[in-house]
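The next block holds one structure in the form of structure tokens; read it before the comments.
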Amino acid sequence: MRDADGALIGFATVARDITHQVAAQAELAAARADREVMAERDRIARDLHDMVIQRVFGAGLALQSVTARITRPDFAARIHTVIEELDATIRELRGTIFELGQPAQKAASLRAQVLDEAATARGRLGFAPAVVFDGPVDAALPDTTASHLLAALREALSNVARHAHASAVRVAVHAGDELLLEVTDNGRGIDPAVTRSSGLTNLRRRAEKLGGTFEVVGRPEGGTCLRWRIPLTAESPARTS
4 MRDADGALIG FATVARDITH QVAAQAELAA ARADREVMAE RDRIARDLHD
54 MVIQRVFGAG LALQSVTARI TRPDFAARIH TVIEELDATI RELRGTIFEL
104 GQPAQKAASL RAQVLDEAAT ARGRLGFAPA VVFDGPVDAA LPDTTASHLL
154 AALREALSNV ARHAHASAVR VAVHAGDELL LEVTDNGRGI DPAVTRSSGL
204 TNLRRRAEKL GGTFEVVGRP EGGTCLRWRI PLTAESPART S
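In the numbering used here, each residue's number is its place in the sequence shown (first place is 1) plus 3.
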């Protein structure tokens with residue numbers, strides 16, 4: 004092969020040029036895809052803020068106006084619990100909106116993210132939860148399952164902070180034939196109003212979506228134990244981080 008001046012060009016040179024061109028095209032495509040993803044995330048964030056949060060906030064205000072006219076304390080307490088759930092939902096939506104506005108980054112290890120969730124919960128709990136791991140937590144979990152685990156942990160710690168009145172919490176993550184998230188507290192035990200909360204319903208739905216199970220049980224020594232189980236199979240893709 005010859006260049007424009009008639010000089011011979013080696014195959015290695017041609018291959019290198021082609022490789023550079025392919026790499027440049029790949030970078031351009033990746034940059035274009037990133038811009039499209041960020042634009043879509045911005046749109047979703049605006050919709051969440053302008054539509055969903057405003058509706059939830061309006062529902063909370065309406066319930067507050069109703070509470071003032073209720074004379075039965077038990078009815079008023081139940082409505083107040085719903086208002087607290089709506090407030091918590093608004094806080095979580097705002098956190099999601101903030102995350103949507105951040106550039107996508109390579110995910111940290113799952114262990115690091117679990118520890119980060121526990122550290123974040125310290126402000127709500129008033130103390131730091133103890134965290135233990137067992138098994139190949141980072142290697143065993145597909146990305147989708149890991150995301151559900153973190154969301155389940157966040158919801159579990161939020162429920163403890165709102166309802167348990169606990170002074171100690173233990174978070175255990177086990178990975179083997181199954182994934183087990185166990186959140187144990189020494190609080191006041193199971194409250195029927197809490198077991199019907201939307202947060203626990205979300206935990207159950209997340210587990211069932213992945214073919215798993217969810218339960219909250221009382222501890223003989225006091226407090227509760229939340230168990231969130233997901234089956235793990237050899238065919239499940241490993242985490243890419």
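C-beta: ideal position from N, C-alpha, C; glycine also.
Residue nearest to ARG58 in terms of C-alpha spacing, selected from ILE73, THR92 and PRO76: As a working mapping, residue 58 is identified with position 55 in the sequence shown. The option with the nearest alpha carbon to ARG58 is THR92.
Residues sharing a beta bridge with THR187, DSSP: Against the sequence shown, residue 187 aligns to sequence position 184. Beta-bridge analysis with DSSP links THR187 to ARG173 and CYS228.
Through-space distance from ILE56 to LEU103, alpha-carbon basis: If you number the sequence shown from 1, residue 103 lands on position 100. If you number the sequence shown from 1, residue 56 lands on position 53. The straight-line gap from Cα to Cα measures roughly 15 Å.
7 Å Cβ shell around HIS52 - same chain, five flanking residues per side excluded: Working through the sequence shown from its first residue, we reach residue 52 at position 49. Once the five neighbours on either side are set aside, the close Cβ partners of HIS52 are ILE100.
Residue interval of the beta strand (DSSP E) (run including PHE217): As a working note, residue 217 is residue 214 in the sequence shown. First-last of the beta strand (DSSP E) with PHE217: 216-221.
Alpha carbon of ARG222 to alpha carbon of VAL117, nearest angstrom: Within the sequence shown, the letter at position 219 stands for residue 222. Within the sequence shown, the letter at position 114 stands for residue 117. Between ARG222 and VAL117, the C-alpha separation is close to 24 Å.
For ASP180, three-class secondary structure by DSSP: Looking up residue 180 in the sequence shown gives position 177. Here ASP180 sits in coil by DSSP.
Secondary structure of ALA80, DSSP reduced to three states: Within the sequence shown, numbered from 1, the residue matching residue 80 stands at position 77. For ALA80, the three-state secondary structure derived from DSSP is helix.
N- and C-terminal bounds of the beta strand (DSSP E) containing ALA133: Here the question's residue 133 lines up with position 130 in the sequence shown. Residues 133-137.
Cβ pair ALA155, LEU128 closer than 7 Å: Your numbering for residue 155 matches position 152 in the sequence shown. Your numbering for residue 128 matches position 125 in the sequence shown. Not a contact, by the Cβ cut-off of 7 Å.
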